[in-house]
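Engineer: Numbering (UniProt numbering), first residue to last: 16 to 382.
For glycine and all other residues, C-beta sits at the position ideal for the given N, C-alpha and C.
This is the structure I have questions about; it appears just below.
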Ligand code: SF4
């Protein structure tokens with residue numbers, strides 16, 4: 016087809032070092048990737064792989080699994096081998112599991128600086144093993160498990176404290192000439208979190224993993240993450256993201272992808288442009304928008320579909336979209352690429368839009 020002009024973005028990416036998490040590049044030369052974390056017991060290999068398959072199908076790029084016990088560590092080789100996407104082992108306390116994860120073929124290992132002091136003398140060996148296997152390390156600082164030394168110095172997990180902790184940790188690896196590092200400085204408060212990442216972005220060139228930790232149940236967590244990631248990504252800060260929700264991990268992936276699509280950091284797929292409805296509406300817009308969304312879900316082509324409640328603004332918006340409907344008088348005017356192609360009775364609107372969407376998708380060569 017025709018070479019498409021890339022859609023506008025709000026900022027150039029901040030220039031970073033590049034690293035590979037398995038097959039997925041992380042850094043300014045690569046698209047921002049979406050991560051999630053399994054909620055199964057890692058040692059339950061089948062359940063964990065099943066959840067990873069669901070995450071993969073939802074569009075997740077990288078998955079993280081917790082590794083709190085020896086049984087979990089033993090499950091890592093099978094999980095790393097059979098997962099369709101790169102697997103990161105999340106390790107808080109035990110250096111021996113870091114080595115196990117590296118040897119298991121995990122695509123990366125996440126360590127927590129609040130705890131690493133305990134295995135300070137192990138950093139050299141970890142750097143050596145990670146280098147030998149080409150395994151990057153994520154330094155994951157969390158407000159809740161900040162290094163006690165820095166907690167004492169700053170009184171609470173301030174942006175400065177989070178950043179100092181992360182950079183100190185990175186320096187321990189850098190001393191052994193290990194730089195295959197990405198960093199996160201998570202906090203539950205988007206204001207503190209955004210400030211921390213801004214500071215970190217100024218002070219290093221490591222790729223950054225964005226996260227608002229303990230963001231909350233789906234609604235609050237979605238808003239907090241969208242606001243915080245939006246503030247950073249709109250300045251080019253952030254190379255991989257994880258939305259944390261007290262909800263199934265597939266929901267995290269959907270939110271993450273939608274945030275990236277909203278900022279043109281991912282190609283937009285199906286986009287429903289529906290009006291909020293108002294006193295002029297002559298159709299149940301919410302129901303119609305839900306039905307159209309459900310009917311078209313899973314379409315891979317970047318269709319913009321307008322669902323409008325009346326013929327006042329309806330035709331105008333519908334004209335800007337690939338496909339649209341403006342309802343009124345128990346009927347729907349169906350628009351394709353700005354032209355009214357037919358008028359159908361209200362009960363035929365959804366099926367007509369689906370038919371036309373499939374036809375358009377076919378001409379776009381992607382069904
Ligand atoms: Fe109201 Fe019509 Fe606009 Fe929908 S399209 S918000 S019904 S004026």
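Excluding the 5 residues preceding and the 5 following residue 369 in the sequence, name in chain order all residues of the same chain whose CB lies nearer than 7 Å to its CB.
Structural biologist: Here residue 369 corresponds to residue number 354 of the chain shown, with the count starting at 1. Here the set comprises 310, 311.
Engineer: Helix, strand or coil: which one does DSSP assign to residue 192?
Structural biologist: Translated into positions along the chain shown, residue 192 becomes position 177. In this structure, residue 192 counts as coil in the three-state DSSP scheme.
Engineer: Quick check: the stretch 205 to 221 against the stretch 171 to 180, are there 3 or more CB pairs under 8 Å?
Structural biologist: Yes, they touch.
Engineer: Could you check what DSSP says for residue 79 in three-state terms: helix, strand or coil?
Structural biologist: For the purposes of this step, residue 79 is taken as the residue at position 64 of the chain shown. The answer is strand: DSSP assigns residue 79 an E or B state.
Engineer: Return the Cβ separation of residue 184 and residue 154 in integer angstroms, given the expectation that the two are a contact with Cβ distance under 8 Å.
Structural biologist: The residue labelled residue 184 in the question sits at position 169 within the chain shown. The residue labelled residue 154 in the question sits at position 139 within the chain shown. Contact holds; Cβ gap of about 5 Å.
Engineer: Using three-state DSSP, classify residue 382 as helix, strand or coil.
Structural biologist: Here residue 382 refers to the residue found at position 367 of the chain shown. Note that residue 382 has pLDDT 46, beneath the 50 cutoff, so the model's placement of it is unreliable and no number is given.
Engineer: Express the C-alpha separation of residue 328 and residue 365 in angstroms, rounding to a whole number.
Structural biologist: Looking up residue 365 in the chain shown gives position 350. Looking up residue 328 in the chain shown gives position 313. In a straight line, the C-alpha of residue 365 is about 20 Å away from that of residue 328.
Engineer: Is residue 390 helix, strand or coil when you go by DSSP?
Structural biologist: An answer regarding residue 390 cannot be provided, because it is not within the stretch 16 to 382 covered by the chain.
Engineer: Following the continuous beta strand (DSSP E) through residue 350, name the residue where it begins and the one where it ends.
Structural biologist: Walking along the chain shown from the start, residue 350 turns up at place 335. Where residue 350 is concerned, the enclosing beta strand (DSSP E) stretches over 346 to 351.
Engineer: Given this structure, state the Cα-to-Cα distance separating residue 99 from residue 64, to the nearest angstrom.
Structural biologist: Reading the chain shown from its first residue, position 84 is the one you call residue 99. Reading the chain shown from its first residue, position 49 is the one you call residue 64. Their Cα atoms are separated by approximately 9 Å.
Engineer: What residues match up with residue 334 in a beta bridge as DSSP calls it?
Structural biologist: Locating residue 334 in the chain shown gives position 319, where the first residue counts as 1. None; residue 334 has no bridge partner.
Engineer: Is the separation between the beta-carbon of residue 228 and that of residue 202 shorter than 8 Å?
Structural biologist: One-based indexing of the chain shown puts residue 228 at position 213. One-based indexing of the chain shown puts residue 202 at position 187. Against a cut-off of 8 Å, the Cβ pair of residue 202 and residue 228 comes out as a contact.
Engineer: Going by the CB atoms, is the gap between residue 113 and residue 76 shorter than 8 Å?
Structural biologist: As a position in the chain shown, residue 76 is number 61, starting the count at 1. As a position in the chain shown, residue 113 is number 98, starting the count at 1. No, the Cβ-Cβ distance between residue 76 and residue 113 is not below 8 Å.
Engineer: Can we say the stretch 291 to 302 touches the stretch 255 to 270, given the rule of at least three CB pairs closer than 8 Å?
Structural biologist: Cβ pair count under 8 Å is below three, so no.
Engineer: Do you know whose CA, among 127, 37, 138, lies nearest residue 95's CA?
Structural biologist: Locating residue 95 in the chain shown gives position 80, counting from the first residue. Minimum Cα distance to residue 95 is reached at 37.
Engineer: Can you tell me where the alpha helix (DSSP H) holding residue 302 begins and where it ends?
Structural biologist: Reading the chain shown from its first residue, position 287 is the one you call residue 302. Start and end: 300 to 311.
Engineer: Note down, in chain order, each residue of its chain lying with its Cβ closer than 6 Å to the Cβ of residue 67, except the 5 sequence neighbours on either side.
Structural biologist: Within the chain shown, residue 67 is the residue found at index 52, counting from 1. Correct list, in chain order: 78, 98.
Engineer: Going by C-alpha to C-alpha distance, which of 108, 115, 200 sits closest to residue 253?
Structural biologist: As a first step, residue 253 must be located in the chain shown, where it is residue number 238. Nearest of 108, 115, 200 to residue 253, Cα basis: 200.
Engineer: Quick check on this structure: which residue in 43, 48, 108 has the alpha carbon closest to the alpha carbon of residue 255?
Structural biologist: Position 240 of the chain shown, counting from 1, holds the residue named residue 255. Looking at the Cα atoms, 48 is the closest of the given residues.
Engineer: How would you label residue 345, buried or exposed, when you count the other beta carbons within 10 angstroms and need 16 or more for buried?
Structural biologist: Residue numbering aside, residue 345 sits at position 330 when the chain shown is read from its first letter. Per the 10 Å Cβ criterion, exposed.
Engineer: Buried or exposed for residue 85, going by 16 or more other Cβ atoms inside 10 Å?
Structural biologist: Taking the chain shown and counting its residues from 1, one reaches residue 85 at position 70. Label assigned to residue 85: exposed.
Engineer: Examine the ligand SF4 and report whether any of its heavy atoms sits within less than 7 Å of the Cβ of residue 291.
Structural biologist: The residue you call residue 291 lines up with position 276 of the chain shown. Yes, Cβ of residue 291 sits closer than 7 Å to a heavy atom of the ligand SF4.
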